[in-house]
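Undergrad: Below you will find the structure I want to go over with you.
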Amino acid sequence: MPTSGLNAMSEQKLKKMTEYNQRLKRQLDLPRVPVSQASHMLIKYVTTTRDYLVPSVWGTPGANDPFANKGGGCECTIL
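Just so we're aligned: 43 in the UniProt record's numbering is position 43 of the sequence shown, and the numbers increase by one with no gaps anywhere.
Listed below in structure tokens is the structure:
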């Protein structure tokens, strides 16, 4: 290989390593949250946010549920 080809490859490698180094520096600047604080925030969210997919804990939405069956009987259509 000619010397210019090796020089071009070296420049490409240097460029990639510089870009990778910049990404790592940006990641290092991201705010960090300790696991204990994150778990506390998660527990607080789960205990204060209603989730009707877990009716044993939160019950059913009742009259506010737009998808609830309004009639007393089956509303099936048999063809």
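Using N, Cα and C, we set each Cβ at its ideal position, and we do this for glycine too.
For Y52, which three-state DSSP category applies?
TA: Against the sequence shown, residue 52 aligns to sequence position 52. If DSSP states are grouped into helix, strand and coil, Y52 belongs with coil.
Undergrad: In this structure, does DSSP put T33 in helix, strand or coil?
TA: As a working note, residue 33 is residue 33 in the sequence shown. Rather than Thr, the amino acid found at residue 33 in this sequence is Val. Coil, per DSSP.
Undergrad: When you compare only the Cα positions, how much space is there between E19 and R50?
TA: Here residue 19 corresponds to residue number 19 of the sequence shown, with the count starting at 1. Here residue 50 corresponds to residue number 50 of the sequence shown, with the count starting at 1. C-alpha separation (whole angstroms): 44 Å.
Undergrad: Taking Cβ to Cβ, would you say M41 is nearer than 9 Å to V54?
TA: Taking the sequence shown and counting its residues from 1, one reaches residue 41 at position 41. Taking the sequence shown and counting its residues from 1, one reaches residue 54 at position 54. Not a contact, by the Cβ cut-off of 9 Å.
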